[in-house]
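K.L.:
Every letter in the sequence shown is one number past the one before it in my numbering, and letter 43, counting from 1, is 148.
Okay, here's the structure, questions in a sec.
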Amino acid sequence: MGTSEWARQATVRSDGSLWNNGTFVVRDVRGKPGIISNHARGLAMDLSYRWQAQKNLGRQDGRKVSLAFIVKLLDNADALGIQLVIDYALKRSWKCDRGTWQAGNFEEGDWYHIEIDPTIANDAAIAKACWVSVFGVSPQQAPQSV
Numbered sequence: 106m107g108t109s110e111w112a113r114q115a116t117v118r119s120d121g122s123l124w125n126n127g128t129f130v131v132r133d134v135r136g137k138p139g140i141i142s143n144h145a146r147g148l149a150m151d152l153s154y155r156w157q158a159q160k161n162l163g164r165q166d167g168r169k170v171s172l173a174f175i176v177k178l179l180d181n182a183d184a185l186g187i188q189l190v191i192d193y194a195l196k197r198s199w200k201c202d203r204g205t206w207q208a209g210n211f212e213e214g215d216w217y218h219i220e221i222d223p224t225i226a227n228d229a230a231i232a233k234a235c236w237v238s239v240f241g242v243s244p245q246q247a248p249q250s251v
């Protein structure tokens, strides 16, 4: 699945600041019964910057490092197929159709919710190629999700 590969590429390239907090799960949008989540469609992922030393996930300055990385991703949003990013810590969202952050009524959290283009989400080779086109080849291994 392309979404899993996209999340893997993000974690590998984030200088240890992000880890995969979840991709595919069948559920409704939180607080909206009957409306299927984009996680259930395979289009969304949650990438956390929470530091969990005992599990070797994240880093102490994960928020700072990951935020700079997210800015870099959004500078390349078209090439990476990014359609939506929710930054729960600052209660804001970025959408491809407006290309800027906007305040929102979101829960608090220590992760980013990211949604990507369906063509990329459905093909791991395309997802990887998008990342390589922007950042080049990366031989590193991604940390395991919990």
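The beta carbon of each residue, even a glycine, is placed where N, CA and C say it ideally should be.
Computed from a predicted model, the values in this text were never measured in an experiment.
Answer yes if the segment 130-148 comes into contact with the segment 170-182, meaning at least three C-beta pairs across the two stretches below 8 angstroms, and no otherwise.
P.N.:
no
K.L.:
According to DSSP, is residue 242 part of a helix, a strand, or is it coil?
P.N.:
Within the sequence shown, numbered from 1, the residue matching residue 242 stands at position 137. The answer is coil: DSSP assigns residue 242 none of H, G, I, E or B.
K.L.:
In the DSSP assignment, what residue or residues form a beta bridge with residue 218?
P.N.:
As a first step, residue 218 must be located in the sequence shown, where it is residue number 113. Bridge partners of residue 218: 151 and 191.
K.L.:
By DSSP, does residue 134 sit in helix, in strand, or in coil?
P.N.:
By one-based count along the sequence shown, residue 134 stands at place 29. Strand.
K.L.:
For a quick check, are the C-beta atoms of residue 118 and residue 243 less than 7 angstroms apart?
P.N.:
By one-based count along the sequence shown, residue 118 stands at place 13. By one-based count along the sequence shown, residue 243 stands at place 138. For residue 118 and residue 243, yes; Cβs fall inside 7 angstroms.
K.L.:
For residue 161, count the other beta carbons within 10 Å of its own beta carbon; 16 or more makes it buried, fewer makes it exposed. Which is it?
P.N.:
Here residue 161 refers to the residue found at position 56 when the sequence shown is read from its first residue. Label assigned to residue 161: exposed.
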